[in-house]
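According to numbering that gives the first Met the number 0, the stretch in the sequence shown is residues 0 to 279, in order. The C-beta atom is built at its ideal place from N, Cα and C for all residues, glycine as well.
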Amino acid sequence: MKVSHPLHKYMRPSAIRTANCPGCGNGILAQAILRAINEEEISMDDFVFVSGIGCAAWIPSPLFYADILHTTHGRPIAFATGIKLAAPDRRVMVVSGDGDLMAIGGNHFIHAARRNIDMTVICVNNGIYGMTGGQVAPTTPLGLKTMTSPYGNIENSFDICALAAAAGATFVARWTVYQTRQITRTVRKALKRKGFSLIEIISHCPVQFGRKTGMGTSIQMFDFLKDQSVTKAKADKMSEKELAGKIVVGEQLEIEKPILNDEIKHQREKLRGEPSDAEN
Ligand SMILES: Cc1ncc(C[n+]2csc(CCOP(=O)(O)OP(=O)(O)O)c2C)c(N)n1
Ligand code: SF4
Ligand SMILES: [Mg+2]
């Protein structure tokens, strides 16, 4: 009997394999994203997926059966910006790693958020540079031993959601790969709205992060994500001390602001002397 997975139709037939290691959290996220697209009944032809370089960048590429730009390290948002401006009718989704989007690509990230460009950015935060051997990243927790911080990380780390909100993102959420159904719900919500949406997904990297930090196997790391997760509603009632080391999960921000594509359209219409939608 031939068994077929309901999400197979979203996967490129020649690529129903992943570049990610067995036990990596990235596979869970790939499935959660495809479930959201399936439940929203959106055609893959509507999308352009964009990724940079790193393990997380292999989530959409080449697996998703859609147009994909697998770009250079740190530059997926720059490419995504170009796509959205040139082809405003396409849905643009960036899926990439914490190093890619927050270190080398940090400047692109904050300015796309500020401009409120209509795109969904899914940042996979495994707290490390996974693909290149487990170097310290701007998301590595203070004190953690990595390949390039053998005595413990001496740098403070970014709060990606707080950074996104401060930079101007209009939808901000965080889940771990343990909350797979919640990821799907949040991605569905992001797909239904316009503007710059940032979804941070805390994922586990058993091969680099787990090995170096002694956090154990994939299952142990998965359990850790479950145990450390606290919903935003609960976290709001907890003290700073109680929150130490916890991962605050949930949707954190949803606001309306002018969207860059709309502003360009209105300005063009104004310059041509045509009434804009806003004035009608
Ligand atoms: C300009 C440039 N600098 C550095 C690299 C090497 N490099 C490739 S991926 C990567 C980090 C990947 O980390 P992250 O984005 O967090 O993805 P992960 O592998 O953890 O999913 C680095 C430093 C590169 N390819 N190009
Ligand atoms: S190195 Fe880590 S992040 Fe990269 S695929 Fe393997 S387990 Fe996943
Ligand atoms: Mg990483």
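Just to confirm, are residue 177 and residue 224 a CB contact at a threshold of 8 Å? At the C-beta level, residue 177 and residue 224 come within 8 Å of one another.
Does the beta-carbon of residue 73, which I'm using as the reference point, lie nearer than 7 Å to any heavy atom of ligand 1? Under cutoff, so the answer is yes.
Quick one: what does DSSP say residue 241 is sitting in, helix, strand or coil? helix
How close, in whole Å, do the beta carbons of residue 79 and residue 113 come, if the pair is a contact with beta carbons under 8 Å? Contact flag wrong, Cβ pair sits at about 15 Å.
Around the Cβ of residue 92, are there at least 16 other Cβ atoms within 10 angstroms (buried) or fewer (exposed)? buried
By how many angstroms is the C-alpha of residue 185 removed from the C-alpha of residue 34? 11 Å
Could you tell me the boundaries of the beta strand (DSSP E) in which residue 20 lies? Neither: residue 20 is in no beta strand (DSSP E) and is coded neither H nor E.
So which residues touch the region around ligand 2, with touch meaning a C-beta under 6 Å from any heavy atom? Around ligand 2, the residues selected by a Cβ distance under 6 Å to any of its heavy atoms are 19, 20, 23, 25, 54, 125, 129, 130, 204, 205, 206 and 207, following chain order.
Helix, strand or coil for residue 43? Go by DSSP, reduced to three states. helix
Use the C-beta contact count for residue 151: other C-beta atoms within 10 angstroms, 16 or more gives buried, fewer gives exposed. Flag for residue 151 reads exposed.
Please return the same chain residues whose Cβ sits closer than 8 Å to the Cβ of residue 189, not counting the five positions on each side in sequence. Closer than 8 Å at the Cβ level, and outside the excluded window around residue 189, lie 119, 170, 172, 196 and 198.
Let me check understanding here. Comparing Cα to Cα, which of 174, 138, 20 and 52 lies closest to residue 74? 52
Is residue 127 a contact residue of ligand 3, with contact defined as CB to any heavy atom under 7 Å? yes
DSSP three-state label for residue 78, please. helix
Pull up the CB-CB distance for residue 97 and residue 123, whole angstroms please, since I reckon it's below 8 Å. Sure, about 7 Å apart at Cβ, within 8 Å.
In angstroms with no decimal places, state the Cα-to-Cα distance between residue 214 and residue 260. 44 Å
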